[in-house]
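Structure first, then comments.
Number of protein chains: 2
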Amino acid sequence: MAHITTSIEYGIHCLLWLVGSGDRAMSSRDLAELQGVSPSFLAKIFPKLEKAGIVAASEGVRGGYRLARPADAISFLDIVDAIEGEKPLFDCQEVRERCALFAGGTPAWATDGVCAVHAVMLQAEKAMRDALAAQSLQDVATRFGRKVPDDFFGSVEAWVGDRISGRTGRARPARESPG
Amino acid sequence: MAHITTSIEYGIHCLLWLVGSGDRAMSSRDLAELQGVSPSFLAKIFPKLEKAGIVAASEGVRGGYRLARPADAISFLDIVDAIEGEKPLFDCQEVRERCALFAGGTPAWATDGVCAVHAVMLQAEKAMRDALAAQSLQDVATRFGRKVPDDFFGSVEAWVGDRISGRTGRARPARESPG
DNA sequence: ATAACGCGGACTAGTACACTCCGCGTTTGA
DNA sequence: TCAAACGCGGAGTGTACTAGTCCGCGTTAT
Chain A
1 MAHITTSIEY
11 GIHCLLWLVG
21 SGDRAMSSRD
31 LAELQGVSPS
41 FLAKIFPKLE
51 KAGIVAASEG
61 VRGGYRLARP
71 ADAISFLDIV
81 DAIEGEKPLF
91 DCQEVRERCA
101 LFAGGTPAWA
111 TDGVCAVHAV
121 MLQAEKAMRD
131 ALAAQSLQDV
141 ATRFGRKVPD
151 DFFGSVEAWV
161 GDRISGRTGR
171 ARPARESPG
Chain B
180 MAHITTSIEY
190 GIHCLLWLVG
200 SGDRAMSSRD
210 LAELQGVSPS
220 FLAKIFPKLE
230 KAGIVAASEG
240 VRGGYRLARP
250 ADAISFLDIV
260 DAIEGEKPLF
270 DCQEVRERCA
280 LFAGGTPAWA
290 TDGVCAVHAV
300 MLQAEKAMRD
310 ALAAQSLQDV
320 ATRFGRKVPD
330 DFFGSVEAWV
340 GDRISGRTGR
350 ARPARESPG
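Chains as they are written, first to last, in the numbering used here: chain A, 1 to 179; chain B, 180 to 358.
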């Protein structure tokens with residue numbers, strides 16, 4: 001099991017689909033089905049991204065989400081903190097205060113400053129956060145864009161457009177007709 | 180809650196007490212009571228440190244643990260891995276394979292190499308592990324030693340010696356007598 | 001007016017962590 | 001020699017968090 005959860009993983013993958021989708025909003029359900037993950041679970045993640053100012057929501061029938069700012073201004077750290085809520089890597093139990101030799105009262109020198117063990121963990125956490133902060137959504141999207149075949153994003157556009165118009169009845173009235 | 184657990188915290192604090200205690204073994208119960216933590220819980224942690232070659236155990240009535248190698252050859256990363264077992268920071272769900280556009284078969288270009296999101300997380304994990312590997316037990320013990328008053332380690336020696344001899348009856352036969 | 005949206009609360013199953021308890025074999029010292 | 005102090009390991013227990021579902025609400029386009 002991991003400290004960086006699957007919620008974060010799903011969130012990042014969704015945001016990557018939103019990079020370059022311009023002003024067209026995508027619903028969380030479409031993003032879920034496009035990626036083969038649980039729609040109801042994704043629906044729990046997006047409000048967190050919205051409260052953090054990473055995506056902007058539009059309500060109503062053609063509503064959905066789009067990036068609230070340029071993809072190069074959204075770091076992986078932003079996303080992790082938005083979804084997980086800045087949970088520390090390490091939760092210091094202040095063992096140093098409980099030494100048996102301090103029966104009755106802990107001396108001042110023992111609790112002065114940050115616990116030495118805690119300090120090491122904070123340093124490690126900072127190293128991790130710095131690494132996450134150094135990667136933007138745009139970086140990874142660009143890296144991914146170089147891998148895909150030329151017609152891929154065209155296919156995605158078609159798939160999304162097909163779904164929206166299919167639901168609102170402007171096109172494809174035949175398939176999956178009720179009854 | 181934290182990914183670096185309290186087991187690791189307790190383990191590190193114990194090992195710090197063992198730095199400089201030379202060839203005298205300390206029992207896990209003494210280490211627990213010296214620090215005010217659960218003896219039975221500590222007893223679950225030490226066998227992991229022993230299997231990892233960080234401490235050496237001696238059995239029997241005056242048995243206990245001592246460091247298996249010099250404190251400057253034991254890094255925080257060694258301890259974390261010994262107790263937690265090298266759990267990854269991130270568990271990739273391979274979302275990229277499940278794209279709805281890949282109905283039936285995922286193309287080779289999509290699964291080529293490491294997932295781009297996973298790659299970022301691996302980089303962040305490496306940054307954290309490097310930071311932990313850069314800190315040795317000796318580093319922190321030295322840093323702590325500069326904080327304590329001159330007679331502190333003497334008091335510790337006395338406390339430990341008192342406990343051992345008190346239990347085996349060589350001294351202090353009076354206090355806490357039964358009945 | 002209906003249906004697709006986002007929103008949020010309540011709920012569930014599984015798992016991990018912190019912690020306890022017990023019984024075993026080993027070793028020492030009274 | 002026998003009890004007590006050790007380490008060792010397995011089997012628990014309670015709590016908390018994660019992943020995931022379900023429902024009803026207000027909003028909005030067709």
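Ideal placement from N, C-alpha and C gives every residue a C-beta, glycine not left out.
G104 of chain A and R241 of chain B have their alpha carbons spaced roughly 29 angstroms apart.
Collapsing the DSSP output to three states places V61 of chain A in coil. For the alpha helix (DSSP H) assignment, the uninterrupted runs of no fewer than 4 residues enclosed by the region 243-329 of chain B are, from N- to C-terminal side, 255-263, 287-290, 295-312 and 316-324. Collapsing the DSSP output to three states places A52 of chain A in coil. K326 of chain B reaches chain A at W109, A110, D112, G113 and A116, counting residues in chain order whose Cβ is nearer than 9 angstroms.
The Cβ of M26 of chain A sits no closer than 9 angstroms to any Cβ of chain B. Of B:V274, B:C193, B:A320 and B:L246, the smallest CA-CA separation from E212 of chain B is found for B:C193.
Using beta-carbon distances, K126 of chain A counts as an interface residue toward chain B, with a partner under 9 angstroms. The C-alpha of C99 of chain A is placed about 24 angstroms away from the C-alpha of A235 of chain B. Residue pairing of I4 of chain A in beta bridges, as defined by DSSP: B:F269.
If you draw a 10 Å sphere on the C-beta of S28 of chain A, you find 16 or more other C-beta atoms in it, and that means buried.
Here the alpha carbons of L42 of chain A and V80 of chain A stand approximately 15 angstroms from one another.
When the alpha-carbon of G11 of chain A is set against those of A:E97, A:D162, A:E157 and A:R66, the nearest one is in A:R66. Rounded to the nearest whole angstrom, the CA to CA distance from Q135 of chain A to L16 of chain A is 13 angstroms. Contacts with chain A at 9 angstroms (Cβ-Cβ) do not include L228 of chain B. In this structure, G53 of chain A keeps its C-beta atom at 9 angstroms or more from the C-beta atom of A141 of chain A. When the Cα atoms are used, R342 of chain B and F225 of chain B turn out to be separated by approximately 20 angstroms. The Cβ-Cβ distance between M121 of chain A and A306 of chain B does not fall below 9 angstroms. Put simply, of A:T106, A:R24 and A:R96 the residue whose alpha carbon is nearest the alpha carbon of E157 of chain A is A:R24. When Cβ pairs closer than 8 angstroms are counted between the two stretches, the region 143-155 of chain A is seen not to touch the region 321-328 of chain B, the count staying below three. The contact set of D130 of chain A on chain B, defined by CB atoms closer than 9 angstroms, consists of A303 and A306 in chain order. Taking the Cα positions, W109 of chain A is about 14 angstroms away from V95 of chain A.
The C-alpha of G36 of chain A is placed about 56 angstroms away from the C-alpha of T106 of chain A. Distance check between E97 of chain A and each of A:Q123, A:G113 and A:A133 places A:G113 closest, using alpha-carbon atoms only. The alpha-carbon of K223 of chain B is positioned some 30 angstroms away from that of C271 of chain B. When only Cα atoms are considered, D151 of chain A and L280 of chain B end up about 12 angstroms apart.
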